[in-house]
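Numbering (the numbering used here), first residue to last: 623 to 753.
All C-beta atoms, glycine included, are put in the ideal place defined by N, C-alpha and C.
For clarity, every value in this text was computed on a predicted model and none was experimentally measured.
In what follows, a structure is listed as structure tokens, so that the remarks can point back to it.
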Amino acid sequence: MTQFSVFVSKADFRFNCAHFIAYKGFRERLHGHNYRLSVKLIGKESIGHDGYVIDFGDIKKATRKLCKAMNEYFLCPMKSDALTITEVDQQICIVCEDGSQFSFPKKDCQLMPIMHSSAEELSHYFWCRII
Numbered sequence: 623m624t625q626f627s628v629f630v631s632k633a634d635f636r637f638n639c640a641h642f643i644a645y646k647g648f649r650e651r652l653h654g655h656n657y658r659l660s661v662k663l664i665g666k667e668s669i670g671h672d673g674y675v676i677d678f679g680d681i682k683k684a685t686r687k688l689c690k691a692m693n694e695y696f697l698c699p700m701k702s703d704a705l706t707i708t709e710v711d712q713q714i715c716i717v718c719e720d721g722s723q724f725s726f727p728k729k730d731c732q733l734m735p736i737m738h739s740s741a742e743e744l745s746h747y748f749w750c751r752i753i
């Protein structure tokens, strides 16, 4: 089977954010990262009638929008089974299994539909949004 791929990596596919990973019996310290994305998409069987697997412009637009939406936020994994997350008076309150507590202004949080804010789960989140 023939496959065609498109790989896009741009200097502005970047974002900075804070997070910590927690799972049963473990919690990282709160810390931050400077992330950089690249996107690879594979089309099977044929190139479209327009000559593209997919338009680079569409990929770049979607990726830039995602990076902008993530930049300078705390990533809050709303599906975590090791954190109790509530909202009180526009504050996101997090209680960890080890008793640690965090409170962030809701406007500084990116409430993520993920279990852990790992690079792997973030990659899957981005893939779903770009597709």
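Check	Outcome
Is the beta carbon of I630 less than 8 Å from the beta carbon of V675?	Sequence check: residue 630 is Val here, not Ile. No, Cβ-Cβ distance for V630 and V675 is not below 8 Å.
Inspect the beta-carbon positions of I714 and C731 and report whether they are closer than 8 Å.	yes
Within a Cβ cutoff of 7 Å, which residues of the same chain sit near G654, ignoring the five residues on either side of it in sequence?	N638, C639, A640
By the three-class DSSP mapping on this structure, what secondary structure does M734 have?	strand
Secondary structure at V687, three-state DSSP: helix, strand or coil?	Checking the sequence shown, residue 687 turns out to be Lys, not Val. In this structure, K687 counts as helix in the three-state DSSP scheme.
Would you kindly report the start and end of the unbroken beta strand (DSSP E) that includes H565?	Nothing can be reported for residue 565, as the shown portion of the chain is limited to 623 through 753.
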